[in-house]
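Below you'll find the structure, written out as structure tokens, and then a few comments.
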Amino acid sequence: KQWYQRRVREEKSDSGSRFAIVTDPVTPPVVKANHEDKYILVGVGIVRFSPSGRYLATRSDSSPHLIWVWDISTLSLCAVVWFIAPVISMEWSCRHAGVETLAATTNGDHVYLWSSEGVLAVKVPNCSTLNGAGELGPVRSVQWAPKGNCLALKGDYHYCLCYFPCYQE
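Spelled out as structure tokens, the structure:
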């Protein structure tokens, strides 16, 4: 199946990760379901409504590299974000200046932020290995503070907090 909607895809660059808008038809990777293997998941694995209820973000177990963002007000697909690695966690922040932000992680050293204005890949320091004191390890999950000005990143043994001064009241 080929897509013709506007999509963004993560690409590796010299400085880390970047996203590019894809205009040509592409075929995303799909995990084939083996119903005899009890460890293979099928269906929609992650579903998150934005705080306002305008957006719905989904991640399918058969296409774990993709986040589908739906605009509930128009009942249409708003964006598809294609990652290099499978998405394992995503959460919405509350609205700031009318913008809602979705944070996602792929069990690596980046946190990804999507809003209607675009996509941003943020490299998390001290994330590469689990050796040494104070190192986070791969980011396994994300959670926004209730006011949306702070994002908690959880690794296997540690966590860290990311503050967003532009979101301060």
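Note that the sequence shown covers residues -17 to 151 in the numbering used here. Yeah, the Cβ is synthetic: ideal placement off N, Cα and C, and Gly gets one too. These figures come from a predicted structure and were not determined experimentally.
Worksheet item: Which word fits residue 87, buried or exposed, when buried means at least 16 other C-beta atoms lie within 10 angstroms of its C-beta?
Response: Counted from its first residue, the sequence shown places residue 87 at position 105. With 16 or more other Cβ atoms within 10 Å, it is buried.
Worksheet item: Counting pairs of Cβ atoms below 8 angstroms between the region 119 to 127 and the region 57 to 68, do you hit three or more?
Response: no
Worksheet item: Residues in its own chain within less than 6 angstroms of residue 95 by CB, not counting five upstream and five downstream?
Response: As a position in the sequence shown, residue 95 is number 113, starting the count at 1. Taken in chain order, the residues that qualify are 83, 85, 102.
Discussion item. Less than 8 angstroms between the C-beta atoms of residue 81 and residue 92, yes or no?
Written reply: Indexing the sequence shown from 1 puts residue 81 at position 99. Indexing the sequence shown from 1 puts residue 92 at position 110. Their beta carbons are not under 8 angstroms apart, which means residue 81 does not touch residue 92 by this criterion.
Worksheet entry | Inter-residue spacing [alpha-carbon to alpha-carbon] between residue 135 and residue 35 | Stepping through the sequence shown from its first residue, residue 135 is reached at position 153. Stepping through the sequence shown from its first residue, residue 35 is reached at position 53. When rounded, the distance between both Cα atoms is 24 angstroms.
Worksheet item: Which partner residues does residue 127 have in the DSSP bridge list?
Response: For the purposes of this step, residue 127 is taken as residue 145 along the sequence shown, with counting starting at 1. Looking at the DSSP assignment, residue 127 forms no beta bridge with any residue, so it has no partner.
Discussion item. As a quick exercise: from 14, 8, 38, pick the residue whose alpha carbon is nearest that of residue 74.
Written reply: For the purposes of this step, residue 74 is taken as the residue at position 92 of the sequence shown. Per the Cα distances, 38.
Worksheet item: Thinking C-alpha only, which one of 43, 19, 61, 107 is nearest residue 1?
Response: For the purposes of this step, residue 1 is taken as the residue at position 19 of the sequence shown. Cα-wise, what sits closest to residue 1 is 61.
Item to complete: Answer yes or no: do residue 10 and residue 47 have a C-beta to C-beta separation smaller than 8 angstroms?
Response: Translated into the one-based positions of the sequence shown, residue 10 becomes position 28. Translated into the one-based positions of the sequence shown, residue 47 becomes position 65. Taking 8 angstroms as the Cβ cut-off, residue 10 and residue 47 qualify as a contacting pair.
Practice prompt. Excluding the 5 residues preceding and the 5 following residue 55 in the sequence, name in chain order all residues of the same chain whose CB lies nearer than 6 angstroms to its CB.
Written response: As a position in the sequence shown, residue 55 is number 73, starting the count at 1. Within the same chain, residue 55 has close Cβ partners 36.
Fill in: 3-residue-minimum beta strand (DSSP E) runs that sit fully inside the region 4 to 49, ordered along the chain
26 to 31, 37 to 42
Item to complete: With DSSP as the reference, label residue 91 as helix, strand or coil.
Response: The residue you call residue 91 lines up with position 109 of the sequence shown. Here residue 91 sits in coil by DSSP.
Worksheet item: With which residues is residue 100 paired in a DSSP beta bridge?
Response: Here the question's residue 100 lines up with position 118 in the sequence shown. BP columns for residue 100 point to 97.
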